[in-house]
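Colleague: Sharing a structure, written as structure tokens. Questions coming.
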Amino acid sequence: SSRKPIVAIDGPAGAGKSTVSRQVAQRLDLLYLDTGAMYRALTWLVLESGVAIDDEPSIAELASQCEIELDAQPTPIEKQSRAINVSVNGQDVTQAIRSLEVTSKVSAIAAQPIVRNELVRQQRRYGKNGGIVIDGRDIGTYVFPDAELKLFLTASVQERARRRQQDLKNQGKDIISLDELEQAIYDRDLKDSTRALAPLRQAEDAIEIQTDNLSIAEVVDRIVQLYQERAIINA
Ligand code: CDP
Ligand code: CDP
Numbered sequence: 351s352s353r354k355p356i357v358a359i360d361g362p363a364g365a366g367k368s369t370v371s372r373q374v375a376q377r378l379d380l381l382y383l384d385t386g387a388m389y390r391a392l393t394w395l396v397l398e399s400g401v402a403i404d405d406e407p408s409i410a411e412l413a414s415q416c417e418i419e420l421d422a423q424p425t426p427i428e429k430q431s432r433a434i435n436v437s438v439n440g441q442d443v444t445q446a447i448r449s450l451e452v453t454s455k456v457s458a459i460a461a462q463p464i465v466r467n468e469l470v471r472q473q474r475r476y477g478k479n480g481g482i483v484i485d486g487r488d489i490g491t492y493v494f495p496d497a498e499l500k501l502f503l504t505a506s507v508q509e510r511a512r513r514r515q516q517d518l519k520n521q522g523k524d525i526i527s528l529d530e531l532e533q534a535i536y537d538r539d540l541k542d543s544t545r546a547l548a549p550l551r552q553a554e555d556a557i558e559i560q561t562d563n564l565s566i567a568e569v570v571d572r573i574v575q576l577y578q579e580r581a582i583i584n585a
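For what it's worth, UniProt numbering labels the leading residue of the sequence shown as 351, then goes sequentially.
Encoded structure:
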């Protein structure tokens with residue numbers, strides 16, 4: 351085919367997808383698309399607009415009319431502590447989409463079929479020429495089932511809660527207990543993996559990487575190596 355390779359990285363909340371994906375994109379000189387940031391951006395807009403999260407027709411309208419922009423260029427690794435820039439209808443929401451409120455509501459909105467149809471259409475357009483790392487929940491199963499390389503990152507819920515708590519500490523934010531973080535992660539994974547359309551699940555041809563005892567650099571190295579072994583050959 352004429353398109354360049356696509357690397358699909360899926361997995362549950364806090365498995366390291368976005369951190370790892372950005373570094374892989376940088377190493378391989380690929381673009382990067384954080385699809386979770388798109389669902390978060392729409393969720394922010396719904397909350398900001400005062401629309402109820404079960405008002406599906408109004409949310410569908412917001413989804414089809416809003417312009418979500420993400421910075422897809424590879425970020426130098428030394429600058430990657432900053433979140434990728436995200437804007438909705440011209441407004442910078444880089445920080446706002448990471449709030450607890452958005453995090454607790456996003457799965458309910460992402461489960462709505464009209465929302466997914468609209469955002470998946472945008473994701474496919476974004477990735478149509480390939481040469482991109484895309485992370486999310488349904489990239490290897492649904493958005494780009496023909497991706498050249500598919501990874502499924504996992505870690506125990508305890509480890510993922512611990513990572514989230516460390517993130518909060520590093521950002522100087524209020525600390526949330528490990529119990530609460532585990533519960534929130536568990537709830538979101540359950541919603542994401544039981545929705546009707548394109549639920550979170552490992553593609554049959556995805557390579558699972560269990561990251562509990564791996565550093566970020568080890569995960570990145572493994573994926574870069576897999577890419578060099580396979581993605582190029584299949585292209
Ligand atoms: O980074 P974190 O694991 O907290 O989540 P995220 O990747 O930012 O995704 C936020 C939410 O968006 C997920 O919990 C899903 O509900 C939804 N999402 C989705 O439904 N499909 C995707 N491809 C990506 C995210
Ligand atoms: O995107 P996702 O929700 O899957 O995870 P993330 O936001 O990229 O990663 C959550 C946290 O785990 C980040 O602070 C990473 O630095 C950390 N992490 C880690 O400690 N060890 C790994 N092997 C991968 C990520």
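Heads up, the beta-carbon is just placed ideally off N, CA and C, and yes, glycines get one too.
Can we count K523 as close to ligand 1, meaning its CB is less than 7 Å from some heavy atom?
Modeller: The residue labelled residue 523 in the question sits at position 173 within the sequence shown. Result no, Cβ not under 7 Å from ligand 1.
Colleague: What number of angstroms, rounded off, separates the C-alpha of E406 from the C-alpha of G400?
Modeller: What you label residue 406 is simply residue 56 of the sequence shown in a count that begins at 1. What you label residue 400 is simply residue 50 of the sequence shown in a count that begins at 1. In a straight line, the C-alpha of E406 is about 13 Å away from that of G400.
Colleague: For a test of the three-state rule: what should DSSP assign to K429, helix, strand or coil?
Modeller: Working through the sequence shown from its first residue, we reach residue 429 at position 79. It is helical.
Colleague: Is I356 near I559, with beta carbons less than 8 Å apart?
Modeller: On the sequence shown, residue 356 is found 6 positions in, with the first residue counted as 1. On the sequence shown, residue 559 is found 209 positions in, with the first residue counted as 1. Contact: no.
Colleague: Between P362 and T544, is the Cβ-Cβ spacing less than 8 Å?
Modeller: Position 12 of the sequence shown, counted from the start, is the residue given in the question as residue 362. Position 194 of the sequence shown, counted from the start, is the residue given in the question as residue 544. No; because the gap between Cβ atoms is not below 8 Å, this pair is not in contact.
Colleague: Pull up the distance between the alpha-carbon of R353 and that of L576, whole angstroms please.
Modeller: Sequence index remark: in the sequence shown, residue 353 carries index 3 (1-based). Sequence index remark: in the sequence shown, residue 576 carries index 226 (1-based). About 19 Å.
Colleague: Let's see if you can read the secondary structure: which residues bound the beta strand (DSSP E) around G386?
Modeller: What you label residue 386 is simply residue 36 of the sequence shown in a count that begins at 1. Unbroken run through G386 is the alpha helix (DSSP H), 385-398; no beta strand (DSSP E).
Colleague: Here's a check: name, in chain order, each residue in its chain whose Cβ is nearer than 8 Å to the Cβ of Q566, leaving out the five neighbours to either side.
Modeller: Looking up residue 566 in the sequence shown gives position 216. The question names Gln, but residue 566 is Ile in the sequence shown. Contacts found: G366, T369, V370, Q373.
Colleague: CB-CB under 7 Å to I409, same chain, minus the five flanking residues each way: which ones, in chain order?
Modeller: Translated into the one-based positions of the sequence shown, residue 409 becomes position 59. V396, V401, I459, Q462, V465, listed in sequence order.
Colleague: Quick test of your reading: L499 and R572, contact by CB under 8 Å. State the CB separation rounded to the nearest angstrom.
Modeller: Looking up residue 499 in the sequence shown gives position 149. Looking up residue 572 in the sequence shown gives position 222. With 8 Å as the limit, L499 and R572 do not qualify as a contact, their Cβ atoms being about 11 Å apart.
Colleague: Where does A391 land, buried or exposed, given buried means 16+ other C-beta within 10 angstroms?
Modeller: The sequence position of residue 391 within the sequence shown is 41, counting from 1. Answer is buried; the Cβ neighbour count reaches 16.
Colleague: Find out if the Cβ-Cβ distance for the pair I557, L501 is shorter than 8 Å.
Modeller: Position 207 of the sequence shown, counted from the first residue, corresponds to residue 557. Position 151 of the sequence shown, counted from the first residue, corresponds to residue 501. Contact: yes.
Colleague: Just to confirm my understanding: we take G490, look at its own chain, exclude 5 residues before and 5 after, and list those with CB closer than 7 Å. What are they?
Modeller: Reading the sequence shown from its first residue, position 140 is the one you call residue 490. Once the five neighbours on either side are set aside, the close Cβ partners of G490 are A358, D360, A497, K500, A553, A556.
Colleague: Just reading off the alpha helix (DSSP H) that A511 is part of, what are its end residues?
Modeller: For the purposes of this step, residue 511 is taken as the residue at position 161 of the sequence shown. 507-520 is the extent of the alpha helix (DSSP H) around A511.
Colleague: Can you name the start and end residues of the beta strand (DSSP E) that L547 belongs to?
Modeller: Mapped onto the sequence shown, residue 547 falls at position 197. No beta strand (DSSP E) contains L547, which DSSP labels as neither H nor E.
Colleague: Over what stretch of residues does the beta strand (DSSP E) that includes E558 continue unbroken?
Modeller: On the sequence shown, position 208 is the one that residue 558 refers to. Taken as a continuous stretch (DSSP letters only), the beta strand (DSSP E) holding E558 covers 557-560.
Colleague: Is the CB-CB distance between A387 and L381 below 8 Å?
Modeller: Start at 1 with the first residue of the sequence shown, and residue 387 comes out as number 37. Start at 1 with the first residue of the sequence shown, and residue 381 comes out as number 31. Taking 8 Å as the Cβ cut-off, A387 and L381 do not qualify as a contacting pair.
Colleague: Where does A365 fall in DSSP's three states?
Modeller: Residue numbering aside, residue 365 sits at position 15 when the sequence shown is read from its first letter. A365 falls in the coil class under three-state DSSP.
Colleague: Using 8 Å as the threshold, is the C-beta distance between G486 and T393 below it?
Modeller: Within the sequence shown, numbered from 1, the residue matching residue 486 stands at position 136. Within the sequence shown, numbered from 1, the residue matching residue 393 stands at position 43. No, these two residues do not count as a Cβ contact at 8 Å.
Colleague: Which whole-angstrom value is the C-beta distance of Y492 and A548, which I expect to be below 8 Å?
Modeller: Against the sequence shown, residue 492 aligns to sequence position 142. Against the sequence shown, residue 548 aligns to sequence position 198. So it is a contact: roughly 4 Å between Cβ atoms.
Colleague: Please tell me whether, using a cut-off of 7 Å, the distance from the CB of I489 to the nearest non-hydrogen atom of ligand 1 is below it.
Modeller: Locating residue 489 in the sequence shown gives position 139, where the first residue counts as 1. Yes; taking the cut-off as 7 Å, the Cβ of I489 has a heavy atom of ligand 1 nearer than that.
Colleague: Using DSSP with H/G/I as helix, E/B as strand and the rest coil, what is A534?
Modeller: Start at 1 with the first residue of the sequence shown, and residue 534 comes out as number 184. DSSP places A534 in helix when its eight states are reduced to three.
Colleague: Quick check on DSSP: helix, strand or coil for E419?
Modeller: Here residue 419 refers to the residue found at position 69 of the sequence shown. E419 falls in the strand class under three-state DSSP.
Colleague: According to DSSP, what are the bridge partners of Y382?
Modeller: Here residue 382 refers to the residue found at position 32 of the sequence shown. Answer by DSSP bridge pairing, in chain order: V483.
Colleague: The beta strand (DSSP E) that contains D571, what's its start and end?
Modeller: Taking the sequence shown and counting its residues from 1, the one referred to as residue 571 is at position 221. First-last for D571: 566-576, but that is the alpha helix (DSSP H), not the beta strand (DSSP E).
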